[in-house]
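Asks: Residues in the sequence shown are numbered consecutively from 31, following this note's numbering.
Heads up, the beta-carbon is just placed ideally off N, CA and C, and yes, glycines get one too.
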Amino acid sequence: MLNKLTSSVGKLVVKALLHPEASKNKALKANSFTTTPEEIVAEFERQCGGEKWEVKYTPLDKLRQLEKDAWANKHPMAPIFTLRRIWGEGGTLYEQRDNGLIDAEDMETLSDAVKAAIEVQRSGTPEVDKNRKFL
31 MLNKLTSSVG
41 KLVVKALLHP
51 EASKNKALKA
61 NSFTTTPEEI
71 VAEFERQCGG
81 EKWEVKYTPL
91 DKLRQLEKDA
101 WANKHPMAPI
111 FTLRRIWGEG
121 GTLYEQRDNG
131 LIDAEDMETL
141 SDAVKAAIEV
151 QRSGTPEVDK
161 NRKFL
């Protein structure tokens, strides 16, 4: 999965360099794909045999409180809570992405990302330090 991430970042950097008119003096907002939590779960269910998963959701009020507490305590995972809140509210970080400006519409798909995540889990290769604690 980490290799997929770095591969996508590398591709986006190359695309930006090949399109200097679109990227000069500009912070590009580009990504591999845009999706929803529901689509992610559905793709995992599909690739794991089709059985429906039991999914539990954190209410937005609780997520907002976790986000507030994380920022107040300067927890390094605070931005993750912010992203989860934004997504939970049905939003995204940006109104539009710049992939089209740098010919980067052909990036990794949700299906690709889920497949890579499943492969990592099945291989038993840890992607992060197992001693790390996340909220």
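So, at 6 angstroms on beta carbons, what are the nonlocal neighbours of I70 in its own chain, with the 5 sequence-adjacent residues on each side left out?
Replies: Closer than 6 angstroms at Cβ, skipping near neighbours: no residue.
Asks: Do the region 127-136 and the region 49-64 touch if we need at least three Cβ pairs shorter than 8 angstroms?
Replies: These segments touch.
Asks: Under the three-state reduction of DSSP, which class applies to N129: helix, strand or coil?
Replies: N129: helix per DSSP, three-state reduction.
Asks: Helix or strand or just coil, what does DSSP make of L90?
Replies: Helix at L90.
Asks: Kindly indicate which residue of T66, R76, H49 and K54 has the alpha-carbon position closest to the one of G121.
Replies: Measuring from the Cα of G121, the nearest candidate turns out to be T66.
Asks: Could you tell me if D128 is buried or exposed, where buried requires 16 or more neighbouring beta carbons within 10 angstroms of its beta carbon?
Replies: By the neighbour-count rule (16 or more Cβ atoms within 10 Å), D128 is buried.
Asks: Identify every run of the alpha helix (DSSP H) within the region 68-120, keeping only runs that are complete inside it and at least 4 residues long; order them along the chain.
Replies: Runs of the alpha helix (DSSP H) inside the region 68-120: 90-102 and 108-118.
Asks: What is the rounded straight-line gap between the Cα of D136 and the Cα of L90?
Replies: Cα to Cα, the separation comes out at about 33 angstroms.
Asks: Can the beta-carbon of R114 be found closer than 8 angstroms to that of L140?
Replies: Contact: no.
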